[in-house]
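Here is the structure:
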């Protein structure tokens, strides 16, 4: 997906609990940290503990790792691999693997994604 010249909001919501079949893996070609937002529905991403709004209010909801191999061992619910640009939903937190989560998006321009680049909606 490619956004426009202004700020973009990429919405992820299925109206039910997350399954990788509902989303697949989106390829985002021009995500700009500090300008664009990844917007996640609390109804879909039920493991998230942050309150509705811009940014993530809970540190445990997001982290970055050096490469994809480290993503599945993270305790955060959203894990961004700075080596590949892959964003993972780690539904089970500290348990091995991603639970019912999976890779959600790949930001192919490898931006420095932060918790401030995410937003939660009801």
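In full-length UniProt numbering, the protein residues as written are 1 to 122. For each residue, glycine too, the CB sits at the ideal point set by N, CA and C.
With fewer than 16 other Cβ atoms inside 10 Å of its own Cβ, residue 27 counts as exposed. Assignment of residue 105 by DSSP, reduced to helix, strand and coil, places it in the strand class.
Closest by C-alpha distance to residue 62, out of 2, 29, 91, is 91. A residue is called buried when at least 16 other Cβ atoms come within 10 angstroms of its Cβ; residue 25 does not meet this threshold and is exposed. Each of 120, 44, 51 was checked against the Cα of residue 16, and the nearest Cα belongs to 44.
Comparing alpha-carbon positions, the option among 37, 1, 11 lying closest to residue 113 turns out to be 37. In terms of CA proximity to residue 75, 47 leads the group 55, 47, 82, 83.
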